[in-house]
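Here is the structure we will look at.
Protein chains: 2
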Amino acid sequence: MPRSKKTWFAVLGLLAWRPMSGYDIKKLVEIGLSHFWSESYGALYPTLAQLVSAGLVSRRSDRGRGKRPRHVFSITPRGRGELERWLRGPTEEPRVRNEVVLKLFLSPSRPWAESVRLLEEHRTRQLASHEDFAASEVVLRRALKEGVLPVELQSVLGDGPKANQPSGARSRQLLVLLLSLRQGVLAAQARLAWCDEALRAVRQEARATNPRLRGVAR
Amino acid sequence: MPRSKKTWFAVLGLLAWRPMSGYDIKKLVEIGLSHFWSESYGALYPTLAQLVSAGLVSRRSDRGRGKRPRHVFSITPRGRGELERWLRGPTEEPRVRNEVVLKLFLSPSRPWAESVRLLEEHRTRQLASHEDFAASEVVLRRALKEGVLPVELQSVLGDGPKANQPSGARSRQLLVLLLSLRQGVLAAQARLAWCDEALRAVRQEARATNPRLRGVAR
DNA sequence: TCAGACATGTAAGTCGTTACATGATTCA
DNA sequence: TGAATCATGTAACGACTTACATGTCTGA
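Residue numbers (our numbering), protein chains in the order written: chain A, 1 to 218; chain B, 1 to 218.
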C-alpha cells in the first residue's frame with residue numbers, strides 16, 4: 001500500500017496559498033517552514049509534473065519581457081478537493097530517529113567526556129535555532145498586532161497588495177505561521193532543557209566515577 | 001556521497017551492549033527505544049548480513065536442544081573500532097517533517113473546527129505517549145535507586161546474572177536509559193504544551209470570527 | 001564583467017517500509 | 001490442535017537526497 005505522499009500534498013497545499021514556481025516553493029519552505037518541513041528540488045519538480053498530469057495543478061509559462069522565464073503553478077478546483085480530503089484524513093505521527101539520543105544511549109563503554117562533548121555540541125545547535133525562532137516570533141507578533149507586513153515575511157506570505165485576499169485571510173495566515181513557529185520554539189526549548197539536564201547528570205556521574213576530577217568546576 | 005548508514009551503526013551499537021539475534025534487536029528497539037529510534041526487519045536482516053561481510057560482527061548459530069534455532073550476532077573488535085569512530089564523529093540533526101504542523105499551516109481556507117479536531121487528536125496521542133514515558137520513568141528511577149532490575153527492563157538491558165558486567169556498567173546502562181527516556185518525556189510535554197496553546201488560540205479565533213459561538217464553552 | 005540569485009530539471013543511488021513467504025515451538 | 005510468539009529472511013516499491021547539468025538575469 002503506497003504510503004502517504006507527503007511531498008505531493010505539501011506542494012498542493014502551498015499552491016493553495018498562492019500560485020508559485022518550483023523555485024518559489026523551495027525558497028518558501030527553506031525560509032519560513034524549515035522548523036517543521038523540508039523539500040528538495042529532486043522531489044519538488046517531479047512532484048509538480050505529476051500533479052499537473054493528475055489535473056490537480058495547472059502550469060502556466062510566465063515569460064514577461066525582460067523577465068526570466070518561469071513556470072507558475074496554480075491549484076485547480078480538483079486539486080482543492082484532494083487537498084481538503086487529505087487535510088481531513090488521518091495524520092501520521094512521524095517516526096522518530098534521533099541520532100543524538102542514540103549516540104548517548106550507545107555510549108556506555110565510552111569515556112564520559114565524549115558524552116559531554118556530544119551534548120554540548122547539540123546544545124549549541126539548539127540554542128542557535130531557538131534564538132532564530134524567538135527572533136522570528138518577535139517580528140511575527142508585531143505584524144499580527146500592528147497589521148503591517150514586514151519585508152521578511154513577504155516572501156513567505158506573498159506581497160501582493162492587489163492580492164484578492166478576503167477579509168481576515170491575511171491575519172489567519174499570520175496566525176498559523178505564528179503557531180507553527182511556536183511549535184519550533186517550544187520544541188527547541190524542550191531540547192535545550194534536556195541537554196542541560198543530561199549534562200548535569202553526566203558530569204555528576206563523571207565526577208563520582210573519577211575522584212580526581214572532584215571539585216572541578218564547569 | 002553515501003549518507004550516514006544510521007541503521008548500520010544503530011545495530012552495531014546495540015550489539016555492543018550484548019550479543020543478540022535480529023529478532024532480539026527488533027524487540028529491544030520496539031520496547032525500549034521506540035521514543036527515539038525505530039528499525040524494520042527489512043532493514044535489519046540485510047544490515048546484519050552486511051555487517052558480517054564487513055567483519056564488524058560475527059554470527060554464531062545457536063541451536064540448543066529443544067530450542068528454536070537462531071542466529072546470535074556479536075560485535076567484533078573491528079566492529080568496536082568502527083562504532084567508536086562513528087560515536088566520536090559528527091552528529092546529524094534529523095530533518096524534521098511534522099505532518100500535524102504542516103496540516104495546521106495549510107488549513108487557512110478550512111473551517112476552524114477542522115483545525116481544532118486535528119489538534120485535539122494530536123493532543124490525545126501525545127498525552128498517551130507522555131503517560132507511557134512517565135510510567136517507565138518511575139520504574140527506571142526506582143531501579144536506579146534500589147539497584148534492583150524489574151522484569152520490564154530485563155528485555156532491554158539483558159537479564160544475565162552471570163553476565164560479566166564490570167562494576168558500574170549496569171548502573172551506567174540504567175543512567176543512559178533514563179536520560180533517553182527523559183528526552184521523550186520532555187519532548188512529549190512540549191508537544192502537549194503546544195497543543196494547548198494552539199487550541200486556545202484557534203478556539204478564540206473561531207469565536208471571534210463566528211459570533212454565534214460566542215460564549216460557548218470548550 | 002562577473003558573482004550571486006533566479007530557474008528548471010534529471011540520474012543515480014540510499015534508505016527504509018510493507019507485504020510476502022516460511023517454518024518451529026510453546027502453551028492453553 | 002491451533003493461536004501466539006519466536007525467528008529469519010526476500011522482493012518490490014516508495015520517497016527522498018545528492019550530485020550533476022544548464023542556462024538567464026541583475027546589480028555592484
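A virtual CB, placed ideally from N, CA and C, is assigned to each residue, including glycine.
In the structure shown, Ser40(A) falls within a coil segment according to DSSP collapsed to helix, strand and coil.
Around the beta carbon of Ser107(B), 16 or more other beta carbons sit within 10 angstroms, so the residue counts as buried. Taking all protein chains in view, the Cβ of Asn210(A) is surrounded by fewer than 16 other Cβ atoms within 10 Å, so the residue is classified as exposed. Pairing Arg191(B) with Pro90(B), the inter-Cα distance amounts to about 27 Å.
Annotation for Leu44(B): Thr7, Val11, Gly22, Ile25 and Lys26 place their beta carbon closer than 8 Å to its own, counting only its chain and skipping 5 residues before and after.
Chain-ordered listing is empty here: chain A has no CB closer than 9 Å to the CB of Gly42(B), the nearest sitting near 13 Å. In this structure, the CA atom of Ala143(B) is about 12 Å from the CA atom of Arg172(B). By the rule that beta-carbons nearer than 9 Å mark a contact, His35(A) touches chain B.
Each residue's CA atom was taken as its position, placing Gln204(B) and Glu121(B) some 18 Å apart. Two segments are said to touch when three or more pairs of C-beta atoms, one from each, lie closer than 8 Å; by this definition the region 192–201 of chain B touches the region 176–195 of chain A. Val100(B) and Leu140(A) have their C-alpha atoms spaced approximately 21 Å apart. Contiguous alpha helix (DSSP H) elements confined to the region 98–127 of chain A occur at 99–105, taking only those with 4 or more residues. With the rule of 3 Cβ pairs closer than 8 Å, the region 32–44 of chain B does not count as touching the region 52–70 of chain B. Taking 9 Å as the threshold, the shortest C-beta distance from Ser107(B) to chain A falls below it. In the DSSP annotation of this structure, the continuous segment of the beta strand (DSSP E) that includes Ser74(B) starts and ends at Arg70 to Ile75. Residue-level contact by beta carbon holds for Ser38(A) and chain B, with a gap shorter than 9 Å. Per DSSP, reduced to three states, the secondary structure at Ser21(B) is coil, with no helix or strand assignment. With its beta carbon at least 9 Å from every one in chain A, Leu51(B) lies outside the interface. A buried status is given to Thr47(A), since no fewer than 16 other beta-carbon atoms sit within 10 Å of its beta-carbon. When the five nearest sequence neighbours on each side are left out, no beta carbon in the same chain lies closer than 6 Å to the beta carbon of Gln50(A). Here DSSP, grouped into helix, strand and coil, assigns Val156(A) to helix.
For Val176(B), the enclosing alpha helix (DSSP H) begins and ends at Ala169 to Thr209.
With contacts defined by Cβ atoms closer than 9 Å, Arg78(A) and Gly55(A) form a contacting pair. Glu39(A) counts as buried, since at least 16 other C-beta atoms from the protein chains shown sit within 10 angstroms of its C-beta. Residue nearest to Ala135(B) within the set Val148(B), Leu153(B) and Gly147(B) is Leu153(B) (criterion: CA-CA distance).
Around the CB of Ala208(B), fewer than 16 other CB atoms lie within 10 Å, so the residue is classed as exposed. Contact annotation: in the region 70–103 of chain B, residues whose CB is within less than 9 Å of a CB in chain A are Arg80, Leu83, Glu84, Trp86, Leu87, Arg88, Pro90, Thr91, Glu92, Glu93, Pro94, Arg95, Val96, Arg97, Asn98, Glu99, Val100, Val101, Leu102 and Lys103. The beta-carbon separation of Leu177(B) and Val156(B), rounded to 7 Å, stays under the 8 Å limit for a contact. Within chain A, the residues whose beta carbon sits less than 8 Å from that of Gln189(B) are Ala190, listed in sequence order.
With fewer than 16 other beta carbons inside 10 angstroms of its own, Ser4(A) counts as exposed. In this structure, the CA atom of Leu174(A) is about 21 Å from the CA atom of Ser129(A). Rounded to whole angstroms, the separation of the alpha carbons of Arg88(B) and His71(A) is 46 Å.
Under a 10 Å Cβ-count criterion, Val138(B) is classified as exposed, with fewer than 16 other Cβ atoms of the shown protein chains found around its own Cβ. A residue is called buried when at least 16 other Cβ atoms come within 10 angstroms of its Cβ; Ala113(A) does not meet this threshold and is exposed. Look at Arg60(A) here: in three-state DSSP terms it is strand. Sorting Val116(A), Leu149(A) and Ala193(A) by C-alpha distance to the C-alpha of Ala206(A) places Val116(A) at the top.
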